[in-house]
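Asker: Same order as they appear, the protein sequences are chains A and B.
Residue numbering for the first sequence follows full-length UniProt numbering, beginning at 1 and increasing consecutively.
Residue numbering for the second sequence follows full-length UniProt numbering, beginning at 1 and increasing consecutively.
For glycine and all other residues, C-beta sits at the position ideal for the given N, C-alpha and C.
There are 2 protein chains.
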Amino acid sequence: MPIVDIHTHIYPPTYMDLLRSRTTVPYVRTFPDAPDSSRLIILPGEDDPSAPSTSRGRPIGPEYFDIKQKIAFMDQHKIDKSVISLANPWLDFLPEDEAGEAARKINDDVNALCAEYPGRLYAFGTLPLSANTETIVKEVERLKGLKYMRGVIMGTSGLGKGLDDANLDPMYAALEKHSQIIFLHPHYGLPAEVYGPRGSEYGHVLPLALGFPLETTIAVCRMLLSGVWDRFKGLNVLLAHSGGTLPFLAGRLESCVKHDGHLKKAGKTENRRDVWDILKTNIYLDAVIYSEVGLGAAVQASGADRLLFGTDHPFFPPLEEDAKEWHSVNANYSAISKAFEGNNGAAKDVLGNNAVRILRLEE
Amino acid sequence: MPIVDIHTHIYPPTYMDLLRSRTTVPYVRTFPDAPDSSRLIILPGEDDPSAPSTSRGRPIGPEYFDIKQKIAFMDQHKIDKSVISLANPWLDFLPEDEAGEAARKINDDVNALCAEYPGRLYAFGTLPLSANTETIVKEVERLKGLKYMRGVIMGTSGLGKGLDDANLDPMYAALEKHSQIIFLHPHYGLPAEVYGPRGSEYGHVLPLALGFPLETTIAVCRMLLSGVWDRFKGLNVLLAHSGGTLPFLAGRLESCVKHDGHLKKAGKTENRRDVWDILKTNIYLDAVIYSEVGLGAAVQASGADRLLFGTDHPFFPPLEEDAKEWHSVNANYSAISKAFEGNNGAAKDVLGNNAVRILRLEE
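(1) Across which residues does DSSP place A123(B) in a beta bridge pair?
(2) At 4 residues or longer, what runs of the alpha helix (DSSP H) sit wholly inside the stretch 143–224 of chain A?
(3) Could you tell me which chain B residues have their CB closer than 8 Å to the CB of residue 423(A), listed as they occur along the chain?
(4) Is there at least one Cβ from chain B nearer than 8 Å to F183(A)'s Cβ?
(5) To the nearest angstrom, report how far apart N330(B) and L308(B) are at their CA atoms.
(6) Suppose contacts are defined by Cβ-Cβ distances below 8 Å. Is H185(B) in contact with I218(B) by that definition?
(7) Considering only C-alpha positions, which residue in the set G119(B), A209(B), E215(B) and L225(B) is nearest to Y148(B)?
(8) Would you check if there are 3 or more beta carbon pairs closer than 8 Å linking the stretch 284–295 of chain A to the stretch 238–245 of chain A?
(9) On a CA-only basis, which of G61(A), Y64(A) and P32(A) is nearest P49(A)? Give me that one, please.
(10) So the candidates are A304(A), V25(A) and R198(A); which of them puts its Cα closest to the Cα of S226(B)?
(11) Listing by chain order, which chain B residues have their CB less than 7 Å from the CB of I289(A)?
(12) Given a threshold of 16 other Cβ atoms within 10 Å of its Cβ, counted over all protein chains shown, does N344(B) qualify as buried or as exposed?
(13) Flag this pair as yes or no: are the beta carbons of P247(B) and V293(A) separated by less than 8 Å?
(14) At what residues does the alpha helix (DSSP H) containing V110(A) begin and finish?
(15) Under a Cβ-count criterion, where at least 16 other Cβ atoms within 10 Å of its own Cβ denotes burial, should D260(B) be classed as buried or exposed?
(16) For S255(B) and K264(B), what's the separation of their Cα atoms in angstroms?
(17) Per DSSP, M4(B) is paired with what?
(18) Going by CA-CA distance only, name the one from P318(B), V275(B), V237(B) and E320(B) that's closest to I283(B).
(19) Quick check on DSSP: helix, strand or coil for R20(B)?
(20) I'd like the span of the alpha helix (DSSP H) that includes R281(B), first residue to last.
(21) If you reduce the DSSP assignment to three classes, tell me which class V237(B) lands in.
(22) Roughly how many angstroms lie between the CA atoms of K348(A) and H313(A), to the nearest whole one?
(23) Counting only runs that start and end within the stretch 264–351 of chain B, where is the beta strand (DSSP E) found for 3 or more residues in a row?
(24) Hey, does P95(B) have any beta-carbon neighbour from chain A nearer than 8 Å?
(25) Please confirm whether F316(B) has its beta-carbon closer than 8 Å to some beta-carbon of chain A.
(26) In the DSSP assignment, what are the bridge partners of Y27(B)?
(27) Terminal residues of the continuous beta strand (DSSP E) containing P59(A)?
(28) Say whether chain A places a C-beta atom closer than 8 Å to the C-beta of E193(B).
(29) Strictly below 8 Å CB to CB, what residues from chain B border P197(A)?
(30) For E96(B), collect the residues of the same chain with a Cβ closer than 8 Å to its Cβ; drop the 5 residues on either side in sequence, then sort them by chain order.
(31) Provide the residue(s) that pair with H9(B) in DSSP beta bridges, ordered along the chain.
(32) Could you list which residues in chain A have their beta carbon closer than 8 Å to that of K258(B), in chain order?
(33) Is N217(A) close to chain B, meaning its C-beta is less than 8 Å from at least one C-beta of that chain?
(34) Any beta carbon from chain A within less than 8 Å of H262(B)'s own beta carbon?
(35) Rounded to a whole number of angstroms, what is the C-alpha to C-alpha distance between P89(B) and L127(B)?
(36) Select from L113(B), G196(B) and I278(B) the residue whose C-alpha is nearest the C-alpha of F232(B).
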């Protein structure tokens with residue numbers, strides 16, 4: 001039985017060069033007070049020039065960009081195959097005229113990394129979302145010809161107005177036509193004010209633990225409410241972090257839709273594909289949720305045949321500096337083993353068989 | 001076996017008078033273009049003077065303030081006892097010098113409503129949070145002497161800076177000392193911008209289905225991270241809507257705490273009460289989640305002995321105007337029956353026994 005990690009990030013050389021060439025968020029920089037270490041700053045909130053460099057962004061080492069470290073991590077945790085993806089913020093920040101070329105270079109770069117380890121590495125590509133629609137669609141078509149590409153990773157901003165933007169329809173049509181799955185991943189979180197005046201005392205906990213999953217949930221609900229899946233019935237989306245909070249809130253979402261006076265008046269409460277239908281037809285969930293409690297809801301919402309193991313590597317690194325084992329990875333392994341106690345077949349599906357089947361990893 | 005509804009709101013006469021006397025949010029008003037119906041406007045976003053009155057706030061009828069309708073609803077749905085509570089936004093909006101008296105009047109008013117139906121009605125009181133600490137603490141103590149009061153309902157704003165505000169400690173101490181549970185309920189949701197430019201097309205769905213539960217989750221996580229339960233180990237909180245999203249995200253929350261560099265440096269990642277401990281010791285969850293999927297996670301997180309049936313009446317009214325049965329209530333009944341298939345004892349606990357025990361409803 002193969003173990004497949006479908007949530008594992010890489011900043012390939014071309015992307016690192018891009019980040020190192022920049023001086024505004026997102027960027028990678030070495031600060032004078034710590035000249036032997038680089039830091040990755042990806043959010044405006046992490047870029048306080050008055051703060052010591054050690055609290056700006058996060059240290060970035062070779063585990064972020066050296067493919068050998070990815071393979072070593074896979075070996076350490078008995079992962080047979082990984083579907084690597086560019087980490088946030090992808091290319092969201094690029095000017096329109098640079099995005100197309102950057103996407104091509106980075107996708108070629110990532111595809112070449114996969115080619116170094118045939119059978120072990122596959123990838124989700126990146127789309128130049130700040131470019132014009134034609135360029136975006138062309139890249140979807142081009143990705144189809146790259147041997148190791150199995151879909152695209154994407155944030156929640158779309159062309160700048162979210163994933164319920166009708167201008168995204170040509171992209172959705174192309175992805176549907178070419179059977180490319182979207183790996184939907186958060187980046188922007190929620191406005192800092194929602195965490196209150198003491199928010200920064202809690203480090204990155206609230207934005208990461210709550211903001212990220214909520215961003216994903218809002219994005220997928222906006223897709224749903226705007227009828228993306230009524231127009232593109234074959235469009236598949238893999239949701240990061242077991243769907244954000246969608247499995248838990250799906251019942252409430254359905255109830256709120258059914259009871260909404262505005263939607264009722266617009267004739268949009270009946271004769272629609274409901275969230276449960278879409279969860280079991282168009283949505284896949286990763287199993288990056290660190291507990292059998294949430295995982296159980298994810299299984300019930302989408303089915304054990306639509307759940308896929310992941311690690312979020314290189315984030316959530318070992319808790320002790322000299323530890324080899326990643327606590328976060330073992331938490332996700334343990335959640336699967338507990339959630340499927342007595343059902344070894346389903347556990348194996350989640351750990352690898354589903355990914356092989358859904359992402360065609362034997363081709 | 002008694003069936004007990006612990007999530008059911010009332011706008012008692014005193015509070016209705018207050019809302020009718022106001023002209024800014026929150027208020028109740030009859031508009032010239034619909035003189036035979038009143039509307040309740042409780043959020044700034046619902047108060048667009050350029051919109052037709054029928055899209056401002058929501059219609060408010062006697063089901064909001066007539067206790068006879070509450071009893072009829074209970075009879076219709078075989079509910080033996082209800083623990084009624086003032087609906088949002090409670091007294092959050094009152095000036096400092098008015099809040100204390102308003103709270104006393106409204107709490108007396110609600111207690112008197114309960115006295116009309118002895119054995120059937122109990123209540124959560126309301127605190128004058130915009131008053132000074134002394135006034136707040138006095139009202140906690142006074143509530144203890146009102147026969148039908150069993151705790152307090154509260155929003156997430158505290159004294160204006162959230163529930164992780166150290167200035168709330170005297171209130172938490174008083175609530176702990178007098179064994180008064182907090183029923184934590186959302187009102188403010190999330191900033192409208194997070195729903196994107198098309199948010200209003202989806203009616204109230206996104207703020208209600210996602211904003212509300214997230215507001216609750218953020219509030220309880222802020223309490224947790226600020227150490228409220230380290231200082232007040234006996235403080236009990238009942239979370240609306242099955243904890244917002246806490247049961248689903250608890251694993252991620254724990255992982256984010258453990259991996260946070262800032263908290264680690266501050267020595268706050270070890271030797272602390274973790275979220276699972278607090279979920280099973282200090283937190284109770286209502287069962288207002290409309291699906292066995294979310295309910296299952298709630299049960300796993302806090303235990304079937306800490307989950308309490310609720311309806312959210314008079315919100316989520318029947319889908320058809322002439323329907324007697326409330327779809328929302330039946331959805332919650334059905335979720336309990338599915339989640340506890342084959343375990344009738346646990347279902348009965350959730351439907352009523354837990355509430356009787358935890359809230360001392362036989363006294």
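Answerer: Quick answer:
(1) In the second sequence, the residue the question calls residue 123(B) occupies position 123. A123(B) pairs with I84(B) and M149(B).
(2) 169–177
(3) Since the first residue shown for chain A is 1 and the last is 363, residue 423(A) is missing from the structure and cannot be characterised.
(4) Within the first sequence, numbered from 1, the residue matching residue 183(A) stands at position 183. Answer no: the Cβ-Cβ gap between F183(A) and chain B never drops below 8 Å.
(5) By 1-based counting over the second sequence, the position of residue 330(B) is 330. By 1-based counting over the second sequence, the position of residue 308(B) is 308. So the two alpha carbons sit approximately 15 Å from each other.
(6) As a position in the second sequence, residue 185(B) is number 185, starting the count at 1. As a position in the second sequence, residue 218(B) is number 218, starting the count at 1. In this structure, I218(B) does not lie closer than 8 Å to H185(B) by Cβ.
(7) Here residue 148(B) is taken as the residue at index 148 of the second sequence, counted from 1. Checked all of G119(B), A209(B), E215(B) and L225(B); the closest Cα to Y148(B) is G119(B).
(8) yes
(9) Counting from one through the first sequence, the residue named residue 49(A) turns up at place 49. Ranking G61(A), Y64(A) and P32(A) by Cα distance to P49(A) puts P32(A) first.
(10) Here residue 226(B) is taken as the residue at index 226 of the second sequence, counted from 1. Minimum Cα distance to S226(B) is reached at R198(A).
(11) The count along the first sequence starts at 1 and reaches residue 289(A) at position 289. Neighbours of I289(A) on chain B, chain order: G251 and R252.
(12) In the second sequence, the residue the question calls residue 344(B) occupies position 344. Exposed: under 16 other Cβ atoms inside 10 Å.
(13) Here the question's residue 247(B) lines up with position 247 in the second sequence. Here the question's residue 293(A) lines up with position 293 in the first sequence. Yes.
(14) The residue given as residue 110(A) occupies position 110 in the first sequence. Element bounds for V110(A): E96 to E116.
(15) Here the question's residue 260(B) lines up with position 260 in the second sequence. So D260(B) counts as buried.
(16) Taking the second sequence and counting its residues from 1, the one referred to as residue 255(B) is at position 255. Taking the second sequence and counting its residues from 1, the one referred to as residue 264(B) is at position 264. In a straight line, the C-alpha of S255(B) is about 12 Å away from that of K264(B).
(17) Walking along the second sequence from the start, residue 4(B) turns up at place 4. The sequence given here places Val at residue 4(B); Met does not occur at that position. DSSP output for V4(B) lists K81(B) as bridge partner(s).
(18) Stepping through the second sequence from its first residue, residue 283(B) is reached at position 283. If we check each option's Cα against that of I283(B), V237(B) comes out closest.
(19) Start at 1 with the first residue of the second sequence, and residue 20(B) comes out as number 20. Note: R20(B) maps to helix in three-state DSSP.
(20) Sequence index remark: in the second sequence, residue 281(B) carries index 281 (1-based). A small fix is needed here, since residue 281(B) is Thr in this sequence, not Arg. V275 to T281 is the span of the alpha helix (DSSP H), which, as asked, contains T281(B).
(21) Numbered from its first residue, the second sequence carries residue 237(B) at position 237. In this structure, V237(B) counts as strand in the three-state DSSP scheme.
(22) Here residue 348(A) corresponds to residue number 348 of the first sequence, with the count starting at 1. Here residue 313(A) corresponds to residue number 313 of the first sequence, with the count starting at 1. For K348(A) and H313(A), the distance between alpha carbons rounds to 21 Å.
(23) 283–286
(24) Against the second sequence, residue 95(B) aligns to sequence position 95. Output row for P95(B): interface = no.
(25) Taking the second sequence and counting its residues from 1, the one referred to as residue 316(B) is at position 316. For F316(B), the answer is yes, since a Cβ of chain A falls inside 8 Å of its Cβ.
(26) Residue 27(B) sits at position 27 when you count from the first residue of the second sequence. Y27(B) pairs with I41(B).
(27) Counted from its first residue, the first sequence places residue 59(A) at position 59. Element bounds for P59(A): R58 to I60.
(28) Start at 1 with the first residue of the second sequence, and residue 193(B) comes out as number 193. By this cut-off, E193(B) is an interface position.
(29) In the first sequence, residue 197(A) corresponds to position 197, counting from 1. What P197(A) touches in chain B: K161 and G162.
(30) In the second sequence, residue 96(B) corresponds to position 96, counting from 1. Within the same chain, E96(B) has close Cβ partners S130, A131 and N132.
(31) One-based indexing of the second sequence puts residue 9(B) at position 9. H9(B) pairs with S85(B).
(32) Against the second sequence, residue 258(B) aligns to sequence position 258. The answer, in chain order, is L319 and H327.
(33) On the first sequence, residue 217(A) is found 217 positions in, with the first residue counted as 1. According to the sequence provided, residue 217(A) is Thr. The question's Asn does not apply to it. By this cut-off, T217(A) is an interface position.
(34) Within the second sequence, the letter at position 262 stands for residue 262(B). Output row for H262(B): interface = yes.
(35) Locating residue 89(B) in the second sequence gives position 89, counting from the first residue. Locating residue 127(B) in the second sequence gives position 127, counting from the first residue. Between P89(B) and L127(B), the C-alpha separation is close to 12 Å.
(36) Residue 232(B) sits at position 232 when you count from the first residue of the second sequence. With distances taken between Cα atoms, F232(B) lies closest to I278(B).
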